[in-house]
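Below: one structure, written as structure tokens.
In mature numbering (1 follows the signal peptide of the UniProt record, and there is no 0), the protein residues as written are -28 to -1, 1 to 350.
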């Protein structure tokens, strides 16, 4: 081959290589995904999607996943905590090693969405981060026509300086029932040590916490007596004496002993009955349509007000332990179809003898005849 032929051959090769490079997907064979980004913070589900179409999840739904570098994952599916293991690669492959396990609670108004989420997670096959640093998990196309989930990263609350409210307590003797009105709580600070409330008495102690290990010194308390609460307080204080480790997942703090025979789960205190706008999700198991707004707000001046589905209402209320009494004094006089039946049922139910229970962003009002399930509006 002479020099001219060699030069012509090389030019042809270069042109072909350039054309092939232009046809290749951008970053093909080179792009990798940061696994450190996957492990950072807690990923909260915000929407489902297919191509350019997205549908936001129910406002207030708290579905999240926490990924660990050792291949374990945990989170909440909207009602139940779940746990399992997964495989992932820097090329974007993602799969569960085995079906995820979960707790077995029932939460009014959330079970359909929880089932959809767990089904999507079980069939997940790939992931990536979009231009907004949102986590996208692709899964087998669902009956609703979606094939990916969209998550946003939220940093968990700090161990120190947060009011942690006890939501569950498991001891070697069994589960301890936690009342909604007198739930124990604790707060850890660098200056004041541990301070808290046992259900009746104020409590305080020293503590040491480092690298997800924690221990408390002798726990002192005030000396009041509260009928029906002393057994709870004793169980809570004995459990704190045994804990050796902690973990923060989303807005929950979990304290446990080494063998996991004692487990205390706390929620970061964000919502209270008073001065929170609650939106009705279901009434006696019937889901409220998204375009019908039914809200409830209790002010710190004993006033109650909101939207009943069509009309605005107002009145007064009183709280005694876990009992709520509402007296609706005024309702505007508009007429709206098809919300009037819901409005009438809501107004009647709110004037029953009610008990209330708050679990993080969920409020349940119950009476002999009715159950109303609300979510806090952020």
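The beta carbon of each residue, even a glycine, is placed where N, CA and C say it ideally should be. For clarity, every value in this text was computed on a predicted model and none was experimentally measured.
DSSP three-state assignment for residue i, whether helix, strand or coil
i: residue 131; result: coil
i: residue 188; result: strand
i: residue 229; result: coil
i: residue 275; result: strand
i: residue 194; result: coil
i: residue 221; result: strand
i: residue -1; result: Caution is warranted here: a pLDDT of 39 is assigned to residue -1, below 50, making its placement in the model unreliable, and no coordinate value can be reported.
i: residue 33; result: coil
i: residue 254; result: strand
i: residue 330; result: strand
i: residue 151; result: coil
i: residue 146; result: strand
i: residue 111; result: strand
i: residue 346; result: strand
i: residue -8; result: Residue placement at residue -8 is poorly supported in this model, since its pLDDT is 44, which falls under 50; the coordinates still yield a value, given next. Here residue -8 sits in helix by DSSP.
i: residue 244; result: coil
Bridge partner(s) assigned by DSSP for residue i
i: residue 299; result: 288
i: residue 237; result: 140 and 226
i: residue 161; result: 165
i: residue 28; result: 19
i: residue 269; result: 249 and 277
i: residue 177; result: 166
Residue i, enclosing beta strand (DSSP E) - first and last residue
i: residue 166; result: 165 to 169
i: residue 338; result: 334 to 338
i: residue 213; result: Here residue 213 belongs to no beta strand (DSSP E); instead the alpha helix (DSSP H) covers 202 to 214.
i: residue 124; result: 120 to 126
i: residue 304; result: It is not in any beta strand (DSSP E) - residue 304 carries neither H nor E in the DSSP assignment.
Residue i and residue j closer than 8 angstroms at C-beta
i: residue 352; j: residue 321; result: The question about residue 352 has no answer, for the chain in this structure spans -28 to 350.
i: residue 289; j: residue 274; result: yes
i: residue 280; j: residue 259; result: no
i: residue 90; j: residue 72; result: yes
i: residue 326; j: residue 295; result: yes
i: residue 18; j: residue 123; result: yes
i: residue 212; j: residue 191; result: yes
i: residue 356; j: residue 97; result: Within the shown structure, residues of the chain are numbered from -28 to 350, placing residue 356 beyond reach of any answer.
i: residue 353; j: residue 50; result: There is no way to answer for residue 353, as the model of the chain reaches only from -28 to 350.
i: residue 69; j: residue 57; result: yes
i: residue 234; j: residue 250; result: no
i: residue 156; j: residue 133; result: no
i: residue 175; j: residue 187; result: no
Run of the alpha helix (DSSP H) containing residue i, from where it starts to where it stops
i: residue 8; result: 7 to 11
i: residue 319; result: 312 to 322
>> If we require 4 or more residues per run, which alpha helix (DSSP H) segments fall completely within the segment 36 to 108?
In response: 83 to 94
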